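Novice:
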Ligand code: HEC
């Protein structure tokens, strides 16, 4: 029995040593996938109902995917929820994309203490306009106003830069703490 545990531990640590350095795009993918699925499912009951998906599930999913030194979030230059402002390096990337509309390239940024950040632009899609566009259904506008008195995230058009999805993680060279 003891021997089995020792071997299992050995295999586990070998697997860890061989694990490739994390990359931001891979770390972000499951969060984006789960959020999109939740939104599409929520929208089947109409946008007024789907607001709760974004309001409650988006932060819950970000928290769920933020573990073991990984932090995930969404940000924007026009925030709906001020709590989503995100780290400075993310806001800098958004500012650079706004400055140059030809540049929508994701960025990898070196951070302090053996950490790295990866950020990619989020573009407005037709699906988003029900809650981020110019003409909102009155029930949607009312629900948004109730939860987000300082909402700056309406008036977008399809194709506009809506914000960014970002992740912070330890680089492979740093030992886990
Ligand atoms: C059903 C309404 C609804 C739809 C549709 C919707 N959103 Fe949102 N969105 C919200 C709400 C509500 C929040 C605030 C979430 C929170 O409190 O964290 C939000 C927040 C965000 C944020 C975080 C930054 C901020 O402003 O707080 C981004 C980025 C975003 N939405 C992008 C999108 C994109 C891209 C789409 C289309 C694929 C989309 N949204 C579709 C309601 C919606």
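In my numbering, the protein residues as written are 4 to 180.
Idealized CB from N, CA, C, for every residue including glycine.
None of these values were measured; they are calculated from a predicted model.
When burial is assigned at 16 or more other CB atoms within 10 Å of the CB, is residue 83 buried or exposed?
Specialist: Flag for residue 83 reads buried.
Novice: How would you call residue 150, buried or exposed, if buried means at least 16 neighbouring beta carbons within 10 angstroms?
Specialist: The residue is exposed, with fewer than 16 neighbouring Cβ atoms inside 10 Å.
Novice: Short of 8 Å in beta carbon distance, which residues of its chain neighbour residue 107, apart from the five on each side in sequence? Order them along the chain.
Specialist: So the list reads 100, 124, 126 and 164, once near-sequence residues are dropped.
Novice: So, using beta-carbon positions, are residue 206 and residue 50 closer together than 7 Å?
Specialist: The first residue shown for the chain is 4 and the last is 180, placing residue 206 beyond what the model contains.
Novice: Using a 10 Å radius around the Cβ and a threshold of 16 neighbouring Cβ atoms, would you call residue 158 buried or exposed?
Specialist: Exposed is the call here.
Novice: Which of helix, strand or coil does DSSP assign to residue 167?
Specialist: In the structure shown, residue 167 sits in a strand (DSSP, three-state: E or B).
Novice: With a cut-off of 8 Å, do at least 3 Cβ pairs link the stretch 140 to 148 to the stretch 63 to 80?
Specialist: Touching, no.
Novice: If you draw a straight line from the C-alpha of residue 145 to the C-alpha of residue 54, how long is it?
Specialist: Whole-angstrom Cα-Cα distance: 11 Å.
Novice: Here's the rule: buried if 16 or more other CB atoms are within 10 angstroms of the residue's CB, otherwise exposed. What is residue 43?
Specialist: Looking at its Cβ environment, which holds fewer than 16 other Cβ atoms inside 10 Å, residue 43 is exposed.
Novice: Quick check on the DSSP output: what are the complete beta strand (DSSP E) runs of length 3 or more inside the stretch 79 to 159, in order along the chain?
Specialist: List check, beta strand (DSSP E) in window: 110 to 113 and 118 to 126.
Novice: In its own chain, which residues sit with a C-beta less than 6 Å from the C-beta of residue 109, not counting the 5 before and 5 after it?
Specialist: Counting only Cβ-Cβ distances below 6 Å, and skipping sequence neighbours, we find 123.
Novice: Can you look up residue 162 in the DSSP assignment and give me helix, strand or coil?
Specialist: Three-state DSSP puts residue 162 in coil, outside helix and strand.
Novice: Would you please state the rounded distance, in angstroms, between the beta carbons of residue 94 and residue 78? I believe it to be under 8 Å.
Specialist: So it is a contact: roughly 7 Å between Cβ atoms.
Novice: Using only the alpha-carbon positions, how far apart do residue 60 and residue 104 sit?
Specialist: Answer to the nearest angstrom: the Cα atoms are 31 Å apart.
Novice: Ignore the nearest five residues each way along the sequence and tell me which others in residue 181's own chain have a CB closer than 7 Å to its CB.
Specialist: The requested residue 181 does not occur in the structure, where the chain is confined to residues 4 to 180.
Novice: For the stretch 41 to 81, list the alpha helix (DSSP H) runs that are entirely contained and at least 4 residues long, ordered along the chain.
Specialist: The qualifying runs are 50 to 55 and 61 to 68.
Novice: With a threshold of 8 Å on Cβ separation, who are the neighbours of residue 162 within its own chain once the five nearest residues in sequence on each side are excluded?
Specialist: 126 and 127.
Novice: Measuring only from the beta carbon, is residue 136 closer than 6 Å to any heavy atom that is part of the ligand HEC?
Specialist: Residue 136 Cβ: outside cutoff for every heavy atom of the ligand HEC.
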